[in-house]
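Chains as they are written, first to last, in the numbering used here: chain H, 148 to 471; chain C, 290 to 455. Following: one structure in structure tokens, then a few remarks.
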């Protein structure tokens, strides 16, 4: 079967391929469309900018059930917005997860998943991302989503140097959209550089399903990045190996972030971003520039230990914002 | 940027045709090429140092094509270019030689078709095709050989069907 091909077979194949391909006319506007697409990507990155900027976008041809975080990656050197509030140092703890405490002054949670059992609760998590690109070098795989020992586990796995060079996991709860309230995640990601874990609150009605708010755990930089769609962002030191509680509280006019129960940022919330959002959790292989066939030696992804796991102890939503 | 624009002008239409052969759908082909080139543009500062730009784009196309095929297998993408209906006497008569070739390509599994496209449309060497496909040279040889046989058999079947219809 693997001998030298018959010359007539080769000639036939060349004729067929050439004949079929040449029926497709030239595409004169391609360059302009590529620029437009690249501009949209850059704009998406600026919207959620910060030192770690993620953009969710639907790739029309590769989307999964109409929603797919597709173009994402670490953005380095973007415009630095000045946070409104002064950040307090995070106080991550290495203590074992003990469940989700209800913040003072709030009602009982209206939506909570503590990931008990051995399988993901698909009644809560509407989307499990599978297939489709999440960066130039990564793709989604449902195989990277698991529940064990009371935690959600979203893995990043290297699959080689050929694209996609990695697969990662992600889930979304589109059925739980709300305009105000408090979303809280307790998580850790003991991993090396080149991978991140992320909580995204995705705009329910945005045509591109853009994230409005992002909390990004960046193990390689020992950072937690908080960002909104209005240009605010904040970097905090974080121990990625320690469990940490990150909460986002949305009021009609303000965005408030908390780390381990302590306020770290309060930003104004423009009316344009006061629409309903739903939570998504994901891991990503970052370093967009590592998309070459042969990965560059300085690609951060090379230095990470795989599989890299984002472990999520709980995700909780309270309908009423805490009174402080 | 000028070098990028020159590359797109020189190679853009050819890349779309390659993607068309890989996916079987002109719209999907355009989307895949636009996405691949936008990624190249985003990373141009680094990628201009990559020795073989074509190989980078081919790799992106091939793997995106793979995802597209999986989606199609799940029934999420309509196959507008490669008809799903079985070949019949009336079909062969109606569609003619071009459509027969399209149908013959349809009969070739994606991996074999990718090998054929890279080897005999893009004229890559076995080593280059192996790098793009992320497999061994032996695997490329095997896929290519099987693909050629499948193409020959598919065309023969279609021709026989058309002959009987006449």
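Backbone N, C-alpha and C fix where the C-beta goes; we use that ideal spot for every residue, glycine too. Because the structure is a prediction, the values reported are computed rather than measured.
Reduced DSSP secondary structure (H/G/I, E/B, other) of residue i
i, result
"residue 369 (chain H)", "coil"
"residue 323 (chain H)", "helix"
"residue 411 (chain H)", "strand"
"residue 358 (chain H)", "strand"
"residue 378 (chain H)", "coil"
"residue 390 (chain H)", "strand"
"residue 274 (chain H)", "strand"
"residue 317 (chain H)", "strand"
"residue 450 (chain C)", "helix"
"residue 431 (chain H)", "strand"
"residue 269 (chain H)", "coil"
"residue 335 (chain H)", "strand"
"residue 397 (chain C)", "coil"
"residue 314 (chain C)", "coil"
"residue 151 (chain H)", "coil"
"residue 418 (chain C)", "helix"
"residue 263 (chain H)", "coil"
"residue 440 (chain C)", "helix"
"residue 423 (chain C)", "coil"
"residue 179 (chain H)", "helix"
"residue 242 (chain H)", "Confidence at residue 242 (chain H) is low in this model, with a pLDDT of 33, below 50, so its placement is unreliable and the value that follows should be read with caution. Coil at residue 242 (chain H), not helix or strand."
"residue 290 (chain C)", "coil"
Cutoff 8 Å: residue i Cβ touching any chain A Cβ
i, result
"residue 401 (chain C)", "Protein chains in the displayed structure are H and C, and chain A is not among them."
Contact check, residue i vs residue j, beta carbons under 8 Å
i, j, result
"residue 161 (chain H)", "residue 315 (chain H)", "no"
"residue 324 (chain H)", "residue 424 (chain H)", "yes"
"residue 375 (chain H)", "residue 330 (chain H)", "no"
"residue 373 (chain H)", "residue 389 (chain H)", "no"
"residue 310 (chain C)", "residue 393 (chain C)", "no"
"residue 181 (chain H)", "residue 426 (chain C)", "no"
"residue 299 (chain C)", "residue 325 (chain C)", "no"
"residue 185 (chain H)", "residue 330 (chain C)", "yes"
"residue 320 (chain H)", "residue 359 (chain H)", "no"
"residue 398 (chain H)", "residue 327 (chain H)", "yes"
"residue 302 (chain C)", "residue 174 (chain H)", "yes"
"residue 366 (chain H)", "residue 393 (chain H)", "no"
According to DSSP, residues forming a beta bridge with residue i
i, result
"residue 258 (chain H)", "H:464"
"residue 294 (chain H)", "H:299"
"residue 364 (chain H)", "H:344, H:371"
"residue 426 (chain H)", "H:348"
"residue 305 (chain H)", "H:313"
"residue 406 (chain H)", "H:393, H:409"
"residue 328 (chain H)", "H:397"
"residue 457 (chain H)", "H:301"
"residue 383 (chain H)", "H:371"
Residues of its chain near residue i, where Cβ-Cβ distance is below 6 Å and the 5 sequence neighbours each way are ignored
i, result
"residue 437 (chain C)", "none"
"residue 322 (chain H)", "273"
"residue 457 (chain H)", "301, 336, 344, 430"
"residue 413 (chain C)", "407"
"residue 167 (chain H)", "none"
"residue 429 (chain C)", "404, 415, 418, 419"
"residue 315 (chain C)", "309"
"residue 377 (chain H)", "417, 420"
Proximal residues to residue i (C-beta, below 7 Å), its chain only, five neighbours per side dropped
i, result
"residue 454 (chain H)", "302, 303, 304"
"residue 351 (chain C)", "311, 403, 421, 422"
"residue 356 (chain C)", "Reliability fails at residue 356 (chain C), whose pLDDT of 46 lies under 50, so the model's placement of it is uncertain and the value that follows must be treated cautiously. Correct list: empty, nothing qualifies."
"residue 292 (chain H)", "267, 275, 301, 316, 318"
"residue 452 (chain H)", "338, 339"
"residue 289 (chain H)", "275, 277"
"residue 432 (chain C)", "400, 401, 404"
"residue 305 (chain C)", "318, 319, 322"
Close beta carbons around residue i, own chain, < 8 Å, minus the five adjacent residues each side
i, result
"residue 397 (chain C)", "405, 436, 439, 440, 443"
"residue 389 (chain C)", "381, 444, 447, 448, 451"
"residue 306 (chain H)", "312, 313, 314"
"residue 264 (chain H)", "294"
"residue 298 (chain H)", "244, 262, 458, 459, 460"
"residue 401 (chain H)", "413, 414, 415, 416"
The ligand MG heavy atom lying under 7 Å from the CB of residue i
i, result
"residue 317 (chain H)", "Looking at this structure, you won't find the ligand MG or any other ligand, since it has none at all."
Got a sec: which bits of the stretch 161 to 179 of chain H sit with their beta carbon under 9 Å from any beta carbon on chain C, in order along the chain? For chain C, the residues of the stretch 161 to 179 of chain H that bring a beta carbon within less than 9 Å of one of its beta carbons are 161, 162, 163, 164, 165, 166, 167, 168, 169, 170, 171, 172, 173, 174, 175, 177, 178, in chain order.
Report the residues of the stretch 316 to 327 of chain C with a CB closer than 8 Å to any CB of chain H, ordered along the chain. Cβ contacts with chain H come from 316, 317, 318, 319, 320, 321, 322, 323, 324, 326, 327.
Contact residues within the stretch 294 to 305 of chain C, judged by C-beta distance below 7 Å to chain H: If you check each beta-carbon in the stretch 294 to 305 of chain C against every beta-carbon of chain H, the ones closer than 7 Å belong to 294, 297, 298, 301, 302, 305.
Members of the stretch 431 to 454 of chain C near chain H, C-beta cut-off 9 Å: Cβ contacts with chain H come from 431, 433, 434, 435, 436, 437, 438, 440, 441, 444.
The stretch 390 to 415 of chain C: positions lying closer than 7 Å to chain H by Cβ: Look at the stretch 390 to 415 of chain C: the residues with a C-beta under 7 Å from a C-beta of chain H are 390, 391, 393, 394, 405, 406, 409, 410.
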